[in-house]
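Structure record follows, encoded as structure tokens.
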Amino acid sequence: MEIVRRILRMKEIVRGWHRQGRTIGFVPTMGYLHEGHLSLIRESKRMTDHTVVSIFVNPLQFGPREDYDRYPRDLDRDVEILSRESVDVLFYPSVEDMYPPGYRTYIDVEGLSQKWEGASRPGHFRGVATVVCKLFHIVQPDFAFFGQKDAQQFVILRRMVQDLNMDVELIQLPIVRESDGLAMSSRNVYLSPEERTVAPRLYQALQVGRRLVQEEGERDAEKIVEAVRSFLAQEPRIRIDYVALVDLEDLEPIETVRGPALLAAAIYLGPTRLIDNVTLNTK
Ligand code: AMP
Numbered sequence: 132m133e134i135v136r137r138i139l140r141m142k143e144i145v146r147g148w149h150r151q152g153r154t155i156g157f158v159p160t161m162g163y164l165h166e167g168h169l170s171l172i173r174e175s176k177r178m179t180d181h182t183v184v185s186i187f188v189n190p191l192q193f194g195p196r197e198d199y200d201r202y203p204r205d206l207d208r209d210v211e212i213l214s215r216e217s218v219d220v221l222f223y224p225s226v227e228d229m230y231p232p233g234y235r236t237y238i239d240v241e242g243l244s245q246k247w248e249g250a251s252r253p254g255h256f257r258g259v260a261t262v263v264c265k266l267f268h269i270v271q272p273d274f275a276f277f278g279q280k281d282a283q284q285f286v287i288l289r290r291m292v293q294d295l296n297m298d299v300e301l302i303q304l305p306i307v308r309e310s311d312g313l314a315m316s317s318r319n320v321y322l323s324p325e326e327r328t329v330a331p332r333l334y335q336a337l338q339v340g341r342r343l344v345q346e347e348g349e350r351d352a353e354k355i356v357e358a359v360r361s362f363l364a365q366e367p368r369i370r371i372d373y374v375a376l377v378d379l380e381d382l383e384p385i386e387t388v389r390g391p392a393l394l395a396a397a398i399y400l401g402p403t404r405l406i407d408n409v410t411l412n413t414k
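In this text, residue positions in the sequence shown follow the numbering used here: the first is 132, and each later residue adds one.
See the structure below:
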């Protein structure tokens, strides 16, 4: 595996692959890799000739009071994991190279970026869309792989790719979970042992909603959201940020579940913010 720090070198490698007619798969990450990331990498390796994984903790997508400084980082461990997976290139650019002095260009996917996660994290999706757009230009992938964990991010990036006529196909893969149901996340290390025992409640609450729809035939979104909320409220250490039952395309709240829909939630557990979601089917 080649570790590439410079943008020009990354472009040079990509040019070579394209000249030879090879396909490129790309997995953008912020590092501190876990099995969720690995599921994306393995699918990229299965589908494409060459796989590039990026590790970049993007300052642009963190709010001023968020965890940019203390976001977990362990490059040595990540390099070991990626080498074992036989990834072709780890792209690991510096903040200074990605946003040099005078940097002025930003991507704003309007409307979709302001709700749910965006409402709680102003500017977050502007940072995400900007960095992913830059990375796509540098890596020029045929396929890019994302986890359903960040379902809203996927909807926003799909819109960006369509709106900007980008030649990349986005692939979304299911959430990888710990054995007790907690969605894997680099941020789970923030949880105290006590908070860690409470954390699976988020997924359990979403399952309450899913069962209501898929086993009991409930279709009233308000009732479903209320059931999820009251399950979460039983645990005093959990503070609900939002519970949303939304359309999979435009992320607007739905009143009645008629087809596939997204049930998503964000909570605070102590200082740590956790997100999770499930898709609901009516068949
Ligand atoms: P991150 O490093 O947290 O920015 O995540 C990089 C990519 O991994 C994103 O596409 C995430 O959606 C995806 N990802 C994160 N956690 C999981 C998970 N538990 N299962 C599947 N994909 C995940």
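Here a beta-carbon is modelled for each residue, glycine too, at the ideal position from N, C-alpha and C.
Going by C-alpha distance, which of the options is nearest residue i?
| i | options | result |
| --- | --- | --- |
| Met315 | Pro159, Asn296, Leu405 | Leu405 |
| Gln284 | Asp351, Asn296, Val262 | Val262 |
| Pro190 | Gly167, Glu353, Tyr202 | Tyr202 |
| Tyr163 | Trp148, Asp209, Leu382, Glu346 | Asp209 |
| Gly278 | Thr387, Ile369, Glu174, Ile134 | Glu174 |
| Tyr399 | Arg140, Val184, Arg318 | Arg318 |
| Val339 | Val359, Leu322, Arg350, Glu386 | Val359 |
| Glu386 | Pro231, Asn408, Asp351 | Asp351 |
| Ile172 | Phe274, Tyr199, Ser310 | Phe274 |
| Thr160 | Phe276, Asp298, Pro272, Asp381 | Phe276 |
| Asn296 | Glu143, Ile155, Gly156, Gln271 | Gln271 |
| Leu337 | Pro324, Thr410, Glu300 | Thr410 |
| Trp247 | Val183, Val158, Thr403, Asp372 | Asp372 |
| Thr179 | Gly152, Gly194, Arg252 | Gly152 |
For residue i, collect the residues of the same chain with a Cβ closer than 6 angstroms to its Cβ; drop the 5 residues on either side in sequence, then sort them by chain order.
| i | result |
| --- | --- |
| Arg416 | There is no way to answer for residue 416, as the model of the chain reaches only from 132 to 414. |
| Lys354 | none |
| Ser170 | Leu304, Val307 |
| Pro384 | Val377 |
| Cys264 | Ile238 |
| Gln192 | His255, Gly258, Val259 |
| Asp311 | Pro331 |
| Arg215 | none |
| Ala375 | Trp247, Ala395 |
Just grab the DSSP bridge partners of residue i for me.
| i | result |
| --- | --- |
| Leu400 | Ile369, Thr403 |
| Pro159 | Ser185 |
| Asn296 | None, per the DSSP bridge assignment. |
| Arg137 | Answer by DSSP bridge pairing: none, since Arg137 is not bridged. |
| Phe222 | Val135, Ser185 |
| Asn408 | Ala395 |
| Arg389 | None; Arg389 has no bridge partner. |
| Gln215 | Strictly speaking, residue 215 in this sequence is Arg, with Gln absent from that position. According to DSSP, Arg215 bridges with nothing at all. |
| Arg290 | Answer by DSSP bridge pairing: none, since Arg290 is not bridged. |
| Arg308 | Ala314 |
Is residue i helix, strand or coil by DSSP?
| i | result |
| --- | --- |
| Ser317 | helix |
| Asp351 | strand |
| Phe415 | The chain is shown only over 132 to 414; residue 415 falls outside these bounds and no answer can be derived. |
| Phe267 | helix |
| Gly278 | strand |
| Asp384 | According to the sequence provided, residue 384 is Pro. The question's Asp does not apply to it. Note: Pro384 maps to strand in three-state DSSP. |
| Val339 | helix |
| Ile302 | strand |
| Leu322 | coil |
| Asp207 | helix |
| Val377 | strand |
| Glu166 | helix |
| Ser251 | helix |
| Phe193 | coil |
| Thr261 | helix |
| Leu243 | coil |
| Glu227 | helix |
Can you give me the Cβ contacts of residue i inside the same chain, cut-off strictly under 7 angstroms, excluding the 5 residues immediately before and after it?
| i | result |
| --- | --- |
| Ile138 | Pro224, Asp228, Ile269 |
| Gly249 | His255, Phe256 |
Please confirm if residue i has its CB atom under 9 angstroms from at least one CB of chain C.
| i | result |
| --- | --- |
| Asp209 | In the displayed structure, chain C is absent; only one protein chain is listed. |
Output needed for residue i: all residues of its chain with C-beta closer than 8 angstroms, excluding positions within five of it in sequence on either side, in chain order.
| i | result |
| --- | --- |
| Gly167 | Gly278, Lys280, Ile306, Val307, Ala314, Met315, Ser316 |
| Leu379 | Val286, Pro391, Ala392, Leu393, Thr410 |
So does the stretch 389-408 actually touch the stretch 235-246, counting three or more Cβ pairs closer than 8 angstroms?
no
Would the stretch 360-367 and the stretch 327-343 be scored as touching if the rule is three or more Cβ pairs under 8 angstroms?
yes
Taking 8 angstroms as the cut-off, does the stretch 203-214 touch the stretch 248-257 (at least 3 CB pairs, one atom from each stretch)?
In short, these stretches do not touch, since the Cβ pair count stays below three.
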